[in-house]
Amino acid sequence: MAVDTDDDPKLASYAHPERLVTTGWLAERLDDPGIVVVESDEDVLLYDTGHIPGAVKVDWHTDLNDRTTRDYVDGAGFAELMSDKGIGRDTTVVIYGDRNNWWAAYALWVFSLFGHPDVRLVDGGRAKWVAEGREMTTEIPSPERTEYPVVERDDSRIRAFKDQVLAHLGQPMIDVRSPGEYTGELLHMPDYPQEGAVRGGHIPGAANVPWAKAAADDGTFRARDELEELYLKGAGLDAGDEVVAYCRIGERSSHTWFVLTHLLGFGNVRNYDGSWTEWGNSVRVPIATGAEPGSA
Amino acid sequence: MSAPTTLPPRLAELADDFESVSKNDRLQLLLELSRELPDLPEHLVDARDSMEQVHECQSPLFLAVEVGEDQRVHLFFDAPPEAPTTRGFASILHAGLDGEPAPVVLGTPDDFYVRLGLAEAVSPLRLRGMAAMLARIKRNVREQTGEG
């Protein structure tokens, strides 16, 4: 049976309210067999210190990445992971995590590459659940294994590769890193290990809207009008635009991809997961430095 | 600088502990260590501004290094409970190096963390934070002892 949508009024103002749930909605449905709660964190041990009862852990680094190639797991790998976590193709997957749902949004984006039909984020993530004093446990569930079908990953709709970004130069692009990374100055710290890119700066023409600006102090997404102020007025984007978002390795930009796609209703946003660690190391690609977007 | 290949004794012991268990148990060991990271002593609690932030760690981590008159190195770390992995890394360095003489700390191989076998369980990207902590500890020790 289909799991209902959270009809919270704040969520209802977003373009796709069915992609978000509130902590209160989730708390009442922890025993719903149609739902599997997934925790996805930056910190690989945080889940083990305590998590929402019944939640399983999906780690971006160790579960969603291919072990050898810089890529995500393939259809068979994803099916195995889902089956192991007790997730079926018709399961409602509800994801939450630390740091304003940074990695949870990344996990949701990867689930979307495989077209998992019903996958949602918990507005406010782990921090809000904890702040509200809701139940936590260290008990690791042993879900009954499912038979998740092998579905090939579709990289054509919401993922961008370097050559496609080159072809996209001059069209709307958004760099969601910190201002220091955007201008290029963060690669100039002497004696410190660097972020793994030999050049600093940004892709010419990209507007800089640090990803966390989309989050309020309590970790929830900002209200729709605030988001419109930020991305439509501030960054000059339009919901009809084809937009490419990037950061360092594609994690923070997944969060912005979620905001643009599901909260503001953009129809064509792609996440460039190669991001700066690919662009900033590539020979002869154009780079702009300083606070201005620059032109291609 | 020569490249020493042996670890200081307590760090070597820890590395053996990690090496001898399975991937999942390594995470549990790291979790236990994260709980054992000592709180900041009083003289630093009110002086967090004087501590150095390890930017390479994904979560906020602050570090202070003090070299005593006896040339022994004392390490202090501050990381929030929501960052157990970072706390675990700091705890490894604390348990392995705190109280060692400066030359021993400076002689710790930069790639010591490879021996912990955590790359598979934690991911190589996350391990960079631990390498950065050691690099910063060494730089602080060099600055305070004039060695280098």
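In order, the protein sequence lines correspond to chains X and A. Taking the working numbering, the leading residue of the first sequence gets 1, the next gets one more, and so forth. Taking the working numbering, the leading residue of the second sequence gets 1001, the next gets one more, and so forth. Using N, Cα and C, we set each Cβ at its ideal position, and we do this for glycine too.
- Separation of the CB atoms of Ala104(X) and Gly124(X) is rounded to 11 angstroms, and the pair is thereby denied contact status at 8 angstroms.
- Along the segment 1105-1132 of chain A, the positions whose C-beta sits under 8 angstroms from a C-beta of chain X are Glu1120, Ala1121, Val1122, Ser1123, Leu1125, Arg1126, Arg1128, Ala1131 and Ala1132, read in chain order.
- Proximity of Thr62(X) to chain A, defined by a Cβ-Cβ separation below 8 angstroms, is satisfied.
- Listed in chain order, the alpha helix (DSSP H) elements of length 4 or more contained wholly in the segment 1017-1058 of chain A are 1023-1036 and 1042-1045.
- In summary, the residues of the segment 1025-1057 of chain A whose CB is separated from some CB of chain X by less than 8 angstroms are Leu1027, Gln1028, Leu1030, Leu1031, Ser1034, His1055 and Glu1056, in the order they occur in the chain.
- Following the DSSP letters along the chain, one finds Ile1137(A) inside the alpha helix (DSSP H) bounded by residues Pro1124 to Thr1145.
- DSSP lists Leu1063(A) as the bridge partner or partners of Phe1077(A).
- Against Gly1088(A), the close residues of chain X are Leu45, in the order they occur along the chain (beta-carbon pairs closer than 7 angstroms).
- Shown here, Met136(X) sits in coil according to DSSP, grouped into three states, outside any helix or strand.
- Beyond the five residues adjoining it in sequence on each side, Leu186(X) comes within less than 6 angstroms, by CB distance, of Gly180 in the same chain, given in chain order.
- Pairing Gly97(X) with Glu147(X) gives a Cβ-Cβ distance that is not under 8 angstroms.
- Of the candidates Ala2(X), Ala12(X), Glu144(X) and His61(X), Ala2(X) places its Cα closest to the Cα of Asp90(X).
- Under DSSP, Met82(X) forms no beta bridge with any residue.
- According to DSSP, residue pairing for Pro1101(A) in a beta bridge involves Arg1072(A).
- Within the segment 84-139 of chain X, the complete beta strand (DSSP E) runs of at least 3 residues fall at 92-96 and 119-122.
- Cβ neighbours of Thr5(X) within its own chain (closer than 7 angstroms, five residues either side excluded): Pro17 and Glu18.
- The residue among Tyr182(X), Ser83(X), Ser178(X) and Ala223(X) with its C-alpha nearest the C-alpha of Asp8(X) is Ala223(X).
- The alpha-carbon of His51(X) is positioned some 43 angstroms away from that of Glu1143(A).
- Residue contact check for Pro1084(A) against chain X: a CB pair falls below 8 angstroms.
- Pairing Phe1076(A) with Leu1040(A) gives a Cβ-Cβ distance under 8 angstroms.
- Among the residues of chain A, none has a CB under 7 angstroms from the CB of Thr23(X); the nearest is roughly 17 angstroms distant.
- Its Cα nearest to that of Thr1086(A), the residue Leu1031(A) stands out among Asn1024(A), Leu1031(A) and Ala1015(A).
- Looking at the DSSP output, Phe221(X) shares a beta bridge with Ala215(X).
- Around Arg70(X), the same chain offers no residue with a beta carbon nearer than 6 angstroms, after the five sequence neighbours per side are excluded.
- Not a single CB atom of chain A sits nearer than 8 angstroms to the CB of Thr261(X).
- By the 16-neighbour rule on beta-carbons within 10 angstroms, Val165(X) is buried.
- Counting along the chain, Val243(X) sits inside the beta strand (DSSP E) bounded by residues Glu242 to Tyr246.
- Shown here, Asp48(X) sits in a helix according to DSSP, grouped into three states.
- When secondary structure is reduced to three states using DSSP, Val269(X) falls in the strand class.
- Taking 8 angstroms as the threshold, the shortest C-beta distance from Thr220(X) to chain A does not fall below it.
- Shortest Cα-Cα distance from Gly196(X) to any of Asp118(X), Asn281(X), Val122(X) and Arg99(X) involves Asn281(X).
- Residue contact check for Asp98(X) against chain A: a CB pair falls below 8 angstroms.
- Cβ neighbours of Val1054(A) within its own chain (closer than 8 angstroms, five residues either side excluded): Leu1061, Phe1062, Leu1063, Gly1129, Ala1132, Met1133 and Arg1136.
- In the three-state DSSP reduction, Tyr72(X) falls in the strand class (E or B).
- With three or more CB-CB distances shorter than 8 angstroms, the segment 1092-1107 of chain A counts as touching the segment 1009-1026 of chain A.
- Per DSSP, the continuous beta strand (DSSP E) segment holding Asp175(X) begins and ends at Met173 to Asp175.
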